[in-house]
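Per my numbering, the sequence shown starts with residue 4, numbered consecutively. C-beta atoms are modelled at their ideal positions from N, C-alpha and C, and glycine is treated no differently. Comments concern the structure below.
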Amino acid sequence: MTPGIKPLVAGNWKMNGTSASLGEIGAMNTGFDAGLQQKIDMLVCVPATLLFQASEVARNGRLQTGAQDCHARSSGAHTGDISVAMIADAGGSAVIVGHSERRADHGETSEAVREKAVAGLGEGLQTIVCIGETEEERKGGKTLDVLKEQLALSLPDQWQGGELVVAYEPVWAIGTGLTPTADDVAEAHAFMRAELVGRYGEIGNAIRLLYGGSVKPGNAKELMAVANVDGALVGGASLKAADLLGIAAAYLEI
Ligand code: 13P
Numbered sequence: 004m005t006p007g008i009k010p011l012v013a014g015n016w017k018m019n020g021t022s023a024s025l026g027e028i029g030a031m032n033t034g035f036d037a038g039l040q041q042k043i044d045m046l047v048c049v050p051a052t053l054l055f056q057a058s059e060v061a062r063n064g065r066l067q068t069g070a071q072d073c074h075a076r077s078s079g080a081h082t083g084d085i086s087v088a089m090i091a092d093a094g095g096s097a098v099i100v101g102h103s104e105r106r107a108d109h110g111e112t113s114e115a116v117r118e119k120a121v122a123g124l125g126e127g128l129q130t131i132v133c134i135g136e137t138e139e140e141r142k143g144g145k146t147l148d149v150l151k152e153q154l155a156l157s158l159p160d161q162w163q164g165g166e167l168v169v170a171y172e173p174v175w176a177i178g179t180g181l182t183p184t185a186d187d188v189a190e191a192h193a194f195m196r197a198e199l200v201g202r203y204g205e206i207g208n209a210i211r212l213l214y215g216g217s218v219k220p221g222n223a224k225e226l227m228a229v230a231n232v233d234g235a236l237v238g239g240a241s242l243k244a245a246d247l248l249g250i251a252a253a254y255l256e257i
């Protein structure tokens with residue numbers, strides 16, 4: 004937690020879900036009740052194919068919907084890609100950029116991620132930029148060096164419009180059931196906070212810093228209570244409303 008920052012619990016469905024899964028969105032929207040809304044914001048980033056329908060399901064609630072990637076350009080000959088305007092048009096208010104799976108599967112560089120972030124922010128989207136070290140980098144004692152470089156290269160120098168959010172997702176913790184210790188998370192998040200303040204001044208103190216990687220209802224309270232952890236980016240446990248709401252409920256106890 005950071006005093007003065009409202010936490011964000013964000014789901015990332017990755018390449019999961021069809022229209023048969025929309026009931027989970029409905030249950031999340033209903034379960035995100037007034038008590039939780041007072042404490043946190045909640046977002047689910049669904050596959051692009053579901054964004055319009057998911058946004059319609061959540062239309063009358065406070066649950067936000069978003070996409071998992073975007074193109075940096077506004078339109079053109081980019082087969083298979085989607086623009087930030089398309090995300091907004093489909094009802095999305097957020098986009099994830101630079102997820103490690105996109106960096107690994109599609110060779111996205113930090114420079115490319117920054118261009119996407121600029122596009123998302125310029126459209127007024129809440130733009131979640133992901134960074135994180137690999138297992139090899141952690142074992143080599145390079146975690147903070149990697150975070151420093153990814154922050155420097157993946158984030159824009161300045162922006163207007165949307166909200167910039169940074170998510171720390173250690174690659175080795177994603178989908179593995181492994182998590183860093185609370186002390187390791189605290190160290191990484193304090194480091195990121197200092198880097199952001201060094202670069203942006205006071206604005207850096209207001210940027211939400213999410214932790215992602217095997218967050219579950221059972222470990223959410225411990226991880227979310229860590230200083231400078233302003234929410235979670237949740238993969239597997241965001242597919243079921245009961246699990247995502249279970250993570251959100253940790254904030255009722257912190
Ligand atoms: P898991 O919660 O499945 O480990 O995934 C984390 C993640 O990559 C969210 O973007």
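Pop quiz: residue i and residue j are said to be a contact at Cβ under 8 Å. What is the actual Cβ separation, rounded to whole angstroms?
| i | j | result |
| --- | --- | --- |
| N19 | L158 | About 28 Å separates the two Cβ atoms, so there is no contact after all. |
| E136 | V100 | 18 Å between Cβ atoms; not a contact. |
| G94 | G178 | Actually they are not in contact, since the Cβ atoms of G94 and G178 sit about 28 Å apart, beyond 8 Å. |
| N15 | L236 | 6 Å |
| I48 | A122 | The sequence given here places Cys at residue 48; Ile does not occur at that position. No, C48 and A122 are not in contact; Cβ-Cβ is about 16 Å, not under 8 Å. |
Run the proximity test for residue i: is its beta-carbon closer than 7 Å to any non-hydrogen atom belonging to the ligand COA?
| i | result |
| --- | --- |
| A240 | By its list of ligands, the structure shown excludes the ligand COA, since it contains just the ligand 13P. |
Considering only residues of the same chain and omitting the five flanking positions on each side of residue i, which have a CB-CB separation below 6 Å?
| i | result |
| --- | --- |
| L39 | A251 |
| W162 | L124 |
| G215 | A170, E172, L236 |
Under 8 Å Cβ to Cβ from residue i, same chain only, skipping five residues before and after it: list those, please.
| i | result |
| --- | --- |
| V200 | G207, N208 |
| N222 | T182 |
Can you name the start and end residues of the alpha helix (DSSP H) that residue i belongs to?
| i | result |
| --- | --- |
| I246 | First, the amino acid is wrong: residue 246 is Asp here, not Ile. Where D246 is concerned, the enclosing alpha helix (DSSP H) stretches over 244–251. |
| D233 | Taken as a continuous stretch (DSSP letters only), D233 belongs to no alpha helix (DSSP H), as it is neither H nor E. |
| A13 | It is not in any alpha helix (DSSP H) - A13 instead sits in the beta strand (DSSP E) that spans 11–15. |
| A223 | 220–227 |
| A107 | 103–109 |
| E256 | Neither: E256 is in no alpha helix (DSSP H) and is coded neither H nor E. |
| E139 | 138–142 |
DSSP state of residue i, grouped into three classes?
| i | result |
| --- | --- |
| G64 | coil |
| L128 | coil |
| A93 | coil |
| R76 | coil |
| M45 | strand |
| L158 | coil |
| I206 | helix |
| G215 | strand |
| G178 | coil |
| G201 | helix |
If you drop the 5 nearest sequence neighbours on each side, which residues of the same chain put their C-beta closer than 7 Å to that of residue i?
| i | result |
| --- | --- |
| K151 | E198 |
| E256 | K224 |
| V116 | V100, G101, V132, S157 |
Counting along the chain, where does the beta strand (DSSP E) carrying residue i start and finish?
| i | result |
| --- | --- |
| G34 | Per DSSP, G34 belongs to no beta strand (DSSP E); it is in the alpha helix (DSSP H), 25–34. |
| Y171 | 167–171 |
> What is the chain-ordered set of residues for which the beta carbon lies under 6 Å from any non-hydrogen atom of the ligand 13P?
Replying inline: So the residues near the ligand 13P by this Cβ test are N15, H102, E172, I177, G178, G215, G216, S217, V218, L236, V237, G238, G239, A240.
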